[in-house]
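Below: the structure, in structure tokens.
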Amino acid sequence: MNPTHRKELMIRIISDTSTLYSVSEAEEKGIYVSPLAVTINDTTYEEFNDIQTEEFVDLIHQGHIPLSSQPAIGRVVDLYNRFPEDEILNITMADGLSGTYQSAILAKDMAKDSERITVLNSKTLCGPHRTLVEHAKHLADQNHTISEIVSKLEKMIASSRSFLIPQDFDYLRRGGRLSHLAAFVGKTIHLVPVMTLTKDCKQLCNFSIKRNFKKAIHEIIRSLEDDNIGEHHKLYVSHSLAESLAITASELLKEAFPHSDVIIYKLSPAFTTQGGPGCIAIQSLSME
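Taking this note's numbering, the leading residue of the sequence shown gets 32, the next gets one more, and so forth.
Here is the structure:
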């Protein structure tokens, strides 16, 4: 067939439930996600499909220790093969915080016509990850090419900041997401610790230690001010069933950055496994 007569490929945007989208919610927006999994009380669940955060936290409070894992590689391969005639951009959660990125690469090698598949490491998770995926879909709908979309997203990714206020360091320590020093400090203090992503976005490290929650948020605000947060930024407060703390953080952020959108999300079971019940995440992302 003459190449000039080939069907124009549609771009499909694929991700995982780090976006805090369930499979059905994502598909309503024309986005396709593979679910992260959690194991607790000897049973494995796909988050959002099989278990919600409230039920999951109840099991934790009963004394069961949770584990999380990336989407099953077979599920990712099936998702790639679902659209054999289309280009695919898979935007995964941060490599290092999960094996999701590496699994997406392996699945690409197993899929049909793998050269049509691009895998992008978002170097973030949750709120910013969700926005990156939504923006990729918007750009695809405007007929931008894969390379144009990736170029735009990489600029946004470079602007992302993430902070975590955990309630229990054991969750982070078990998941290997803390440096040894951070884990030691977290276990020996009784103040409010703030963690942040390392420069390579693969681990959490100590950012600050404050006497109370509001002082911790103000310290985060000071750091964000150094980034010149403005109207082109989105701010995110994500929580694991700690709504009152999330509202407090949101109000402080809105006061400090009145021209920025501040969005509150409830964390999924997989991220409750990582940060523990009651954890709060504060994140930012530039839309420019």
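Ideal Cβ placement from N, Cα and C applies to all residues, glycine included.
Inter-residue CB distance, residue i and residue j (contact presumed, cutoff 8 Å)
| i | j | result |
| --- | --- | --- |
| Val69 | Thr50 | Contact flag wrong, Cβ pair sits at about 16 Å. |
| Leu195 | Leu235 | 6 Å |
| Ile42 | Ile177 | 6 Å |
| Leu320 | Phe238 | Only positions 32 to 319 of the chain appear in this structure, which leaves residue 320 out of reach. |
| Lys297 | Thr84 | 6 Å |
Close-in-space but distant-in-sequence residues of the same chain around residue i (CB under 7 Å, 5 per side omitted)
| i | result |
| --- | --- |
| Glu319 | His263 |
| Gly261 | His290, Ser291 |
| Arg208 | Low local confidence applies: a pLDDT of 49 at Arg208 is under 50, so the model's placement there is unreliable, with the coordinate-based value given in what follows. Closer than 7 Å at Cβ, skipping near neighbours: Leu128, Gln234, Leu235, Gln305. |
| Ala277 | Val268, His270, Ile295, Ile311 |
| Leu228 | Ser193, Leu235 |
Reduced DSSP category for residue i - H, G, I as helix; E, B as strand; rest coil
| i | result |
| --- | --- |
| His263 | coil |
| Cys232 | coil |
| Arg43 | strand |
| Phe114 | coil |
| Arg192 | strand |
| Ile96 | coil |
| Met318 | coil |
| Met187 | helix |
| Thr155 | coil |
| Gly207 | With a pLDDT of 49 at Gly207, under the threshold of 50, the modelled position of this residue cannot be trusted, and the question is left open. |
| Leu128 | coil |
| Lys143 | coil |
| Pro224 | strand |
| Lys285 | helix |
| Phe238 | strand |
| Ser49 | helix |
| Asp292 | strand |
| Lys246 | helix |
| Thr84 | helix |
| Thr70 | strand |
| Ser269 | strand |
| Ser65 | strand |
| Lys168 | helix |
| Ile119 | strand |
| Thr176 | coil |
| Ala312 | strand |
Sub-9 Å separation of residue i and residue j beta-carbons
| i | j | result |
| --- | --- | --- |
| Arg192 | Tyr52 | no |
| Gly158 | Ile248 | no |
| Leu40 | Asp117 | yes |
| Ser190 | Ser315 | yes |
| Leu222 | Lys245 | no |
| Asn121 | Ile45 | yes |
| Glu56 | Phe87 | no |
| Ala115 | Asp144 | Here residue 115 turns out to be Pro, not Ala, going by the sequence shown. Contact: yes. |
| Lys186 | Leu170 | no |
| Lys333 | Glu179 | Residue 333 is absent from the model: the chain starts at 32 and stops at 319. |
| Asp47 | Thr131 | yes |
| Val225 | Ile252 | no |
Contact set for residue i: own chain, Cβ-Cβ below 8 Å, skip 5 residues either direction
| i | result |
| --- | --- |
| Ile104 | Ser134, Leu137, Ala138, Met141 |
| His92 | Pro308 |
| His163 | What sits at residue 163 in the sequence shown is Leu, not His. Excluding residues within five positions, the ones whose Cβ falls inside 8 Å are Ile122, Ser153, Thr155, Leu184, Met187, Ile188, Leu316. |
| Asn112 | Ala142, Lys143 |
| Thr149 | Glu118, Ile119, Leu120, Asn121, Ile177, Val181 |
| Thr279 | Phe244, Lys245, Ile248 |
Same chain, Cβ closer than 6 Å to residue i, neighbours up to 5 away in sequence not counted
| i | result |
| --- | --- |
| Gly206 | Residue confidence for Gly206 is low, a pLDDT of 49 falling below 50, so the modelled location carries little weight; the figure read from the coordinates is stated next. Here the set comprises Gln305. |
| Gly127 | Lys233 |
| Thr75 | Ala68 |
| Lys154 | Ala125, Ile188, Cys232 |
| Leu98 | Thr70 |
Residue i beta carbon near the ligand GTP (any heavy atom closer than 8 Å)
| i | result |
| --- | --- |
| Pro102 | In terms of ligand content, the structure shown is empty, and the ligand GTP therefore cannot be addressed. |
Is the segment 297 to 311 close to the segment 265 to 275, with three or more CB pairs under 8 Å? yes
Taking three-plus beta-carbon pairs below 8 Å as touching, is the segment 68 to 86 in contact with the segment 295 to 302? yes
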